[in-house]
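S.K.: My questions will all concern the structure given below.
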Amino acid sequence: MNKNLAKYGIISIIGIILIYQFLPIGDYCSGLLNFLNSLFLLGLLIIILLILTIRNLIRIKKKNGKFDFIPLILVLVFGAIWYLIIDLPDKKFWTEKSLSGFIEMEGTPKSGTLELFKNGSFGASYHRADYSCTYQGNYEIIDNLLVLKRTDLTELTDKVFTTEYLINRKDSILRPVKNGFMEIGISKIME
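Going from the sequence shown to our numbering is simple: count from 1 and add 68.
Below you can see the structure in the form of structure tokens.
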């Protein structure tokens, strides 16, 4: 029983690590390194599955035992969940977007995406050439003033985002209240 628990536990731990790095919960970063890590972890799962399957087949040949399908099922479940999470067009599938905006800083590899969700949360994604980080928090709209309730947002995004914007629905832009920040073009707004 302990041998089975150990092999199922190892497969489960590797599978959970594989899935966890792509879950959009809290602040998270993604990029080429995440993808390479996931390929390594998937390869490790496949190698472990092959070794366990070969050992299982040898045991069946020698002792006439039953085939253990649990490692195969675990690997397929973790692989399917990973594929579904990585292929999601909307990372926060449990809530609907109410606003999407994009900012590109000319002459630098920096850009950003701001998404507001109907549940009162936002995701401010700071993009660089090889990775992007998403910082999340709550927001509030008072008249035409958007307030992002995250005091460290400016520092975390290297001054791409600030915390207060005036919403200009006519021109489809978010105009920063403070000087030194760029306007955010609204690509999608839901009423």
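Glycine is no exception: its CB is placed at the ideal position from the N, C-alpha and C atoms.
Is the separation between the beta-carbon of L142 and that of I79 shorter than 8 Å?
M.R.: Numbered from 1 along the sequence shown, position 74 holds the residue referred to as residue 142. Numbered from 1 along the sequence shown, position 11 holds the residue referred to as residue 79. Their beta carbons are under 8 Å apart, which means L142 touches I79 by this criterion.
S.K.: Residues in the same chain with beta-carbon distance under 7 Å from F185, minus the five sequence neighbours each way, listed in chain order, please.
M.R.: One-based indexing of the sequence shown puts residue 185 at position 117. So the list reads K160, T163, E164, K165 and S166, once near-sequence residues are dropped.
S.K.: Return the CA-CA distance between K217 and E172, expressed in angstroms with no decimal places.
M.R.: Within the sequence shown, the letter at position 149 stands for residue 217. Within the sequence shown, the letter at position 104 stands for residue 172. Going by the C-alpha atoms only, they are around 22 Å apart.
S.K.: What's the gap between the Cα of N105 and the Cα of G169?
M.R.: As a first step, residue 105 must be located in the sequence shown, where it is residue number 37. As a first step, residue 169 must be located in the sequence shown, where it is residue number 101. Rounded to the nearest angstrom, the two C-alpha atoms are 30 Å apart.
S.K.: So what's L110 in DSSP terms, helix, strand or just coil?
M.R.: For the purposes of this step, residue 110 is taken as residue 42 along the sequence shown, with counting starting at 1. The answer is helix: DSSP assigns L110 an H, G or I state.
S.K.: Rounding to the nearest angstrom, what Cα-Cα distance links K71 and V215 in this structure?
M.R.: Working through the sequence shown from its first residue, we reach residue 71 at position 3. Working through the sequence shown from its first residue, we reach residue 215 at position 147. Near 54 Å, if we compare the C-alpha coordinates of V215 and K71.
S.K.: How long is the line joining the alpha carbons of K178 and D211, rounded to whole angstroms?
M.R.: On the sequence shown, position 110 is the one that residue 178 refers to. On the sequence shown, position 143 is the one that residue 211 refers to. Cα to Cα, K178 sits roughly 30 Å from D211.
S.K.: What did DSSP end up calling P92 once you bin it into helix, strand or coil?
M.R.: Position 24 of the sequence shown, counted from the first residue, corresponds to residue 92. Three-state result, P92: coil.
S.K.: Let's see if you can read the secondary structure: which residues bound the alpha helix (DSSP H) around A148?
M.R.: Counting from 1 along the sequence shown, the entry for residue 148 is found at position 80. Counting along the chain, the alpha helix (DSSP H) containing A148 begins and ends at I138 to I154.
S.K.: Find out if the Cβ-Cβ distance for the pair I138, F90 is shorter than 8 Å.
M.R.: Start at 1 with the first residue of the sequence shown, and residue 138 comes out as number 70. Start at 1 with the first residue of the sequence shown, and residue 90 comes out as number 22. Result no, Cβ atoms of I138 and F90 do not sit closer than 8 Å.
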